[in-house]
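Read top to bottom, the protein sequences are chains A and B.
First residue of the first sequence: -3, per the numbering used here; consecutive thereafter.
First residue of the second sequence: -3, per the numbering used here; consecutive thereafter.
By construction, the Cβ of each residue, glycine as well, lies at the ideal position given by its N, Cα and C atoms.
All figures in this text were calculated on a predicted structure; none of them were measured in a lab.
For reference, the structure discussed in these notes is given below.
There are 2 protein chains.
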Amino acid sequence: MGRWEPGAGGRLREAALNLYLERGFEQTMVADIAERAGVTARTFFRYFADKREVLFDAAAELEEKSLAALEAAPATASPLEAVAAALDAVAAIIGHDRALARTRHAVITANADLRERELIKLAHMSAALADGLRRRGIGDAEASLAAETGSAVYRVAFQRWVDADDLDLREAIDQSFAQLRTLTASD
Amino acid sequence: MGRWEPGAGGRLREAALNLYLERGFEQTMVADIAERAGVTARTFFRYFADKREVLFDAAAELEEKSLAALEAAPATASPLEAVAAALDAVAAIIGHDRALARTRHAVITANADLRERELIKLAHMSAALADGLRRRGIGDAEASLAAETGSAVYRVAFQRWVDADDLDLREAIDQSFAQLRTLTASD
């Protein structure tokens, strides 16, 4: 996920997300986005391959940074601690702009195709983190379980964060991990 | 997921899965399936809406039975115990035929569209279980976390079960829950 960055890219992203929310994703054309951002459609395509990319262009960065954080975790870190480090890296990228995240989330939630795309991106990231854990010497099933559990923790934390007014995304993740420990302890 | 049930439906399912595995899902036509099963294409369409339905026609039954098991869990059951009851119901349906599950899993794993479809079906089931937990009075975030964690446990257990020779699916699920407790205890 990007930021409300300055310049044409930032204006295009802001215009696109607001139009998707107001009119619906399907109903918004690239020409509408460019017009609202005060640029040409040609400029839009300098920043984004298509209108869906406005929503998903940060997935590669998120996966790369979270994997780097997992790999940089101390060798003594438990599997879930390494996953928590990866989620911290995600929070560092998207956690500073709840308004952007909330708008993007509302747009995705309103459209079945976009929900599926988001699900696939998250599954891809979870698989990458599981592979990263295997490279740290964690067993196959344990690595998958830790990565998938981390993914569950993240999704729940993210939802609470976008719904909240003053909760920090990092705090929300910490709280979800604490809730997971409570759940498994009472199992 | 169905069974190698007797009659034309069972023969069609077996023929379809074997052809998908041998030739690939995309390359297999309904006429090929009907021919191998020794019936007409018209008979195929009495059992399945299309060739994808051979793989996913049991999703509704799995969701319904697992939700019923969750709802039938004692009021004193913890959220994860209720989810475990739901997964037991899934295991009771698909756990008796590893050969079928293994073939189906291999076919789905080999095809990106089918992998996405499977991911969406699992997400749908997880959301239904979370809703079921909410109706049991579990808080919103806790219900999502328990259902998503259960989904992670199931996916890892399922993979170990299809890869194994003598492990029972129920045992594999129990082992994954135990592994989850170990992971969260060392976090």
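Apart from the five residues on each side of it in sequence, which residues of its chain come closer than 8 Å, Cβ to Cβ, to residue i?
| i | result |
| --- | --- |
| residue 27 of chain A | 37 |
| residue 108 of chain B | none |
| residue 81 of chain A | 65, 66, 68, 69 and 73 |
| residue 77 of chain B | 69 |
| residue 130 of chain B | 136 and 139 |
| residue 161 of chain A | none |
Note down, in chain order, each residue of its chain lying with its Cβ closer than 7 Å to the Cβ of residue i, except the 5 sequence neighbours on either side.
| i | result |
| --- | --- |
| residue 17 of chain A | 99, 102 and 103 |
| residue 87 of chain A | 165, 166 and 169 |
| residue 122 of chain A | 143, 144 and 147 |
| residue 21 of chain B | 103, 107 and 110 |
| residue 152 of chain A | 172 |
| residue 114 of chain A | 104 |
| residue 39 of chain A | 4 and 30 |
| residue 175 of chain A | none |
| residue 95 of chain B | none |
| residue 133 of chain A | none |
By the criterion of Cβ-Cβ separation under 7 Å, what are the contact partners of residue i in chain A?
| i | result |
| --- | --- |
| residue 112 of chain B | 112 and 116 |
Sorted by chain position, which residues of the same chain lie with C-beta nearer than 6 Å to residue i's C-beta, five sequence neighbours on each side aside?
| i | result |
| --- | --- |
| residue 215 of chain B | Examination of residue 215 of chain B is not possible in this model, given that chain B is present from -3 through 183 alone. |
| residue 180 of chain B | none |
| residue 33 of chain A | 7, 8 and 11 |
| residue 85 of chain A | 61, 62 and 65 |
| residue 157 of chain A | 163, 165 and 168 |
So with CB distances below 9 Å, who are the chain A contacts of residue i?
| i | result |
| --- | --- |
| residue 151 of chain B | 140, 141 and 144 |
Along chain B, which residues have their Cβ under 7 Å away from the Cβ of residue i?
| i | result |
| --- | --- |
| residue 176 of chain A | 141, 145 and 180 |
| residue 78 of chain A | Near residue 78 of chain A there are no residues of chain B at all, since even the closest Cβ is about 10 Å away, more than 7 Å. |
| residue 156 of chain A | 137 |
| residue 148 of chain A | 141, 144, 145 and 148 |
Just the chain B side, please: which residues come within less than 8 Å of residue i by C-beta, in chain order?
| i | result |
| --- | --- |
| residue 172 of chain A | 137 and 141 |
| residue 119 of chain A | 115 |
Flag residue i as yes if its beta-carbon sits less than 8 Å from any beta-carbon of chain C, otherwise no.
| i | result |
| --- | --- |
| residue 119 of chain B | In summary, chain C is missing from the structure at hand, where the protein chains are A and B. |
Runs of alpha helix (DSSP H) lying entirely within the stretch 10 to 39 of chain A, each at least 4 residues, in chain order: 26 to 33
Does the count of Cβ pairs from the stretch 0 to 18 of chain A and the stretch 39 to 56 of chain A closer than 8 Å reach three? yes
What ranges does the alpha helix (DSSP H) occupy inside the stretch 103 to 143 of chain A, keeping only unbroken runs of at least 4 residues that lie completely in it? 108 to 131
List in chain order: all unbroken alpha helix (DSSP H) runs of 4+ residues lying wholly within the stretch 50 to 95 of chain B. If only complete runs of 4 or more residues are kept, the stretch 50 to 95 of chain B shows the alpha helix (DSSP H) at 55 to 68 and 75 to 90, in order along the chain.
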